[in-house]
Each structure stands twice: as structure tokens, then as C-alpha cells.
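Encoded as C-alpha cells, the structure appears first; notes follow it.
In C-alpha cells, the structure reads:
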């Protein structure tokens, strides 16, 4: 929590003389649907905690009279869509800046996904706006040439890929099938495993899951049954991972014949 608060306070330092000080927070607005399955878009624990820490930082700044150029710090949460392609977040930030003032917005906490960050990052860099994400982990975002004002409070996917490779080495596994989410997070993980760690791990089958239509690009059951590997790695966000496991349950692909590994927590209520 303290790392988040320190980065948050760092975002608000500015040489400008301000009338007001605004920190924008991009957090998902989850919509619940009535269906036969548990809704995949329910709150991610970490996203919820991050939003609470954002609120806490604003409250602490007010309580202890943390000012910037003599002005109190204000926080504004901008609700985002969980399946946005990035343009929505960019539009929200642009609208907020135009309604306030470019120099009055001193930082943005968020967005949630690596895909949204890829759209918002260049804009933030262009106007010198600090962008601090709590869940965007794509390794490409470490490129300071294209994303000079981007920071994050969690490690990049490089460490996750290294941990997975070590896990496979420990159990003497050499192959797997991989299911990725149809976003920068999923494709970034596939890129790391197939291009950086290809000597240690062979990917037999690849499947892409699109959460917007709740479908795979190929038949899940047929693809996994024809694979020579019985180890399945899911590289997707929390909501997509939960839906993928739900599909696997209904296809009767969970059990002693397969080993399933996920890079994100799966909602245990589906079992």
C-alpha cells in the first residue's frame, strides 16, 4: 500500500502555479448480467483494493494538509468499461483535461489494462502527464522511449514468465498448450514465452479467448484433446481466466488428465 501512496504523491509534484490540483483515477465500472454462469466481470480483488487506496491517499492528503503550491489535493474517479479497447479511457482523460485545465491535472492513476495503457501512454507522454498503473503488466510498456511518463506499482510480465519457466523446469515439463486473452496482456505473455523462453518451453497449441463475445477462436475441447501436451497454461486477466475455466468445466476438461496453470486468480465460486 505504501508503495502505491508514495508513487501517488510523486505524481502530484509540479512546477506550475495552480488554482486547483486534480489527480484522475481510472477504475473499472463493473456491470452484472443475469446468466447461467457466474459473471466473469465481477470485481477483481486487486482492482477494488487499488481504488480504495486511491480514495485513502486523497483522504490522507486532506487530513494531513498535504498541499501543492498552497492548494489542496482533489481526486476524481473516472469509471471505465471493463472491455474497452483503450479509446474510452483516452476520451475520458481528454474530456477531463479540457473541462479543467491541462496544467491542473497533475497525474493519472490507471488504467487497468495494458491495452488501454498502450493508447493512453503516448498521449500522456506528449503533455508530460505521469501515468501510474496498478495492473498494466505488459513488458513492452517498459520502453521509456515510447512511454517516458509511464510507471506501475507491480512487476512486469517478464518476472511472471521467468517464474513459469522455473516451475516447468522444477517438474521437468517441456511442453504446454497456452490459452491467452485477446488483449495486450495475453499477447504479451505469449510473446515472452515463444520468443524469449522458447529454448526452455515448447508451445504445442495456442488458443485465443475473446471476452467480448465469450468465445475461443477455435474449438477448446478439440484443440486440447489433439494436443500432445496435457499441461494447459492460461495467460489472461482475472475475468477472462474465470470464464475460460468455466468453459473447461462444461467441456469436462478439468481433472486428472490435465494440469491447469493460470497467471491470475480464478473465482473459486465457479467450482
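In my numbering, the protein residues as written are 3 to 273.
Here a beta-carbon is modelled for each residue, glycine too, at the ideal position from N, C-alpha and C.
| query | result |
| --- | --- |
| Would you check if there are 3 or more beta carbon pairs closer than 8 Å linking the region 161-176 to the region 92-102? | no |
| Which stretch, first to last residue, makes up the beta strand (DSSP E) that contains residue 76? | 73-82 |
| Here's the rule: buried if 16 or more other CB atoms are within 10 angstroms of the residue's CB, otherwise exposed. What is residue 36? | Model confidence at residue 36 stands at a pLDDT of 33, short of 50, so the residue's coordinates are unreliable; what they give is reported in the following sentence. Classification of residue 36: exposed, given that the 10 Å Cβ count is below 16. |
| In angstroms, rounded to a whole number, what distance separates the CA positions of residue 55 and residue 224? | 44 Å |
| Using DSSP with H/G/I as helix, E/B as strand and the rest coil, what is residue 177? | strand |
| Residue 116 and residue 187: beta carbons closer than 8 Å? | yes |
| For residue 129, list the residues DSSP reports as bridge partners. | DSSP lists no partner for residue 129. |
| What residue does the alpha helix (DSSP H) around residue 189 start on, and which one ends it? | 186-193 |
| May I ask you to report which of helix, strand or coil DSSP gives residue 91? | helix |
| Output the distance between the C-alpha atoms of residue 197 and residue 238, rounded to the nearest integer angstrom. | 18 Å |
| For residue 31, I'd like the list of residues in its chain whose CB is within less than 6 Å of its CB, leaving aside the five on either flank, ordered along the chain. | 81 |
| May I have a chain-ordered list of the beta strand (DSSP E) segments no shorter than 3 residues that lie completely inside the region 197-254? | 204-212, 233-237 |
| Which residues in the same chain as residue 90 place their Cβ atom closer than 7 Å to its Cβ, once the five residues preceding and following it in sequence are excluded? | 82, 83 |
| From residue 112 to residue 64, what distance separates their C-alpha atoms? | 21 Å |
| Restricting to Cα atoms, I'd like to know which of 244, 150, 102 is closest to residue 127. | 150 |
| Use the C-beta contact count for residue 157: other C-beta atoms within 10 angstroms, 16 or more gives buried, fewer gives exposed. | exposed |
| Can the beta-carbon of residue 265 be found less than 8 Å from the beta-carbon of residue 190? | no |
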